[in-house]
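If you're matching positions, the sequence shown starts at 127 in the working numbering and goes up one per residue.
First comes the structure, then the notes that go with it.
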Amino acid sequence: MKILHVVGARPNFVKAAPVMRAMRGRARQTLVHTGQHYEAGMSAVFFDQLDLPQPDAALDVGPASPTVQTGRMLLGLDPLFGRFRPDACVVYGDVTSTLAGALAAAQHGVRLVHVEAGLRSGDRTMPEERNRIVTDHLADLLFTPSPDADGNLAREGVPAERIHCVGNVMIDTLARLLPRTDTGAVLERLGIPSGTRYVLATLHRPATVDGGGVFVDVLAVLAEISTRVPVVFPVHPRSRARLAAALSSAPALHLTEPLGYLDFVSLERGAALVVTDSGGVQEETTWLGVPCITVRDTTERPVTVREGTNTVVGRDPERLRSAVGSLLAGDRRRAAGRPALWDGRAAERIAGVLAEA
Ligand code: UDP
């Protein structure tokens with residue numbers, strides 16, 4: 127069997143790595159990197175740390191609007207389907223590269239496999255939600271991380287025989303690499319004494335960082351928190367542009383470049399709490415048992431709220447301030463445990479199904 131994997135953005139790398147490992151020796155695998163994320167800190171470092179093979183083809187789409195990027199990806203992908211003649215195309219998550227890979231596979235009549243299928247925020251103003259819906263409805267095989275995703279797909283009429291609940295591949299990577307993390311070493315590099323309580327923050331979604339006042343409000347709360355405990359904020363390229371203007375009055379924040387996977391997870395596991403709008407970070411904190419505050423109105427990962435450590439506070443700075451305040455005061459919600467099948471073996475289950483397909 128010949129499999130074409132399409133990746134392009136940071137969360138894709140974290141998800142594709144375990145699937146490619148699990149399929150080693152069981153299929154001829156080709157990896158295409160669309161270039162959606164291209165800076166070394168958002169791309170190359172993940173290939174190194176996650177043992178991803180170098181891409182067989184790089185589309186280098188470069189920075190542009192999602193519409194233009196999708197167009198460029200389709201132009202780049204089109205000849206690759208002729209060149210590699212895959213039996214299946216695997217796409218991951220909900221980014222622009224996921225959508226482009228799905229459309230190209232469908233146009234070429236190649237079996238489409240979606241890893242992390244079925245998640246829904248219910249908010250179609252999010253580009254990620256639109257990407258998920260289109261990809262899921264084009265897919266022949268859908269691998270879901272949790273039963274709520276199966277329910278969403280069933281409600282949308284996706285035939286049950288296409289859906290396999292396999293667990294969370296992002297947790298496969300986390301479980302495998304956790305022993306290589308070193309919280310103290312990363313804190314030392316940031317000038318924060320080991321053992322200090324600190325908050326970790328990541329913000330990158332268009333609705334948070336492009337939408338005017340919200341970003342400024344959230345940053346103001348982070349700046350306030352940083353007068354009590356250090357706040358580490360690795361800045362996503364999308365947020366960087368808006369940051370200079372908003373942060374002139376917050377010198378106590380530790381702003382860094384986007385961190386490599388091992389450094390980021392090192393900080394995540396040791397944090398007193400994490401403030402985020404990321405999808406993957408909601409899942410990782412649940413698995414790590416670290417309190418997470420999500421500054422979004424919705425989550426497509428309800429299992430992290432029901433069973434995990436996640437609290438969705440919306441984009442109201444008052445709710446964020448009060449949630450952070452009570453967590454720092456010691457009111458730590460006890461997680462019910464780790465969601466079923468988030469056991470580091472999701473990719474093995476995927477490989478098992480693919481081998482039969
Ligand atoms: N991550 C990282 N460095 C950072 C921020 C995040 O390695 O500075 C990792 C994080 O551990 C997770 C993934 O990137 O595995 C999440 O990606 P992102 O938040 O960009 O995307 P989303 O999950 O929201 O789709």
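Backbone N, C-alpha and C fix where the C-beta goes; we use that ideal spot for every residue, glycine too.
- Of the residues 163, 464 and 331, the one whose Cα lies closest to the Cα of residue 414 is 464.
- Distance between residue 335 and residue 360, taken at the CA atoms: about 14 Å.
- When Cβ pairs closer than 8 Å are counted between the two stretches, the region 245 to 265 is seen to touch the region 211 to 227, the count reaching three or more.
- For residue 326, same chain residues with a beta-carbon under 7 Å away, outside a window of 5 residues either side, are 358, 393, 394, 397 and 400 in chain order.
- The Cβ atoms of residue 185 and residue 202 lie closer than 7 Å to each other.
- In this structure, the alpha-carbon of residue 477 lies about 6 Å from that of residue 149.
- Inter-segment contact for the region 310 to 324 and the region 344 to 351 is absent: fewer than three beta-carbon pairs are separated by less than 8 Å.
- In this structure, residue 228 keeps its C-beta atom at 7 Å or more from the C-beta atom of residue 239.
- Nearest C-alpha to residue 343 among 466, 187 and 441: 441.
- Under the three-state reduction of DSSP, residue 348 is assigned to helix.
- Under the Cβ criterion (8 Å, minimum of three pairs), the region 166 to 173 does not count as touching the region 426 to 443.
- A residue is called buried once 16 or more other Cβ atoms fall within 10 Å of its Cβ, and residue 455, having fewer, is exposed.
- Residue 427 and residue 313 have their C-alpha atoms some 29 Å from each other.
- By the CB criterion at 7 Å, residue 420 and residue 328 fall outside the cutoff.
- Ranking 332, 231, 139 and 158 by CA distance to the CA of residue 191 puts 332 first.
- The Cβ atoms of residue 289 and residue 212 lie no closer than 7 Å to each other.
- Residue 178 is not a Cβ neighbour of residue 306, given a cutoff of 7 Å.
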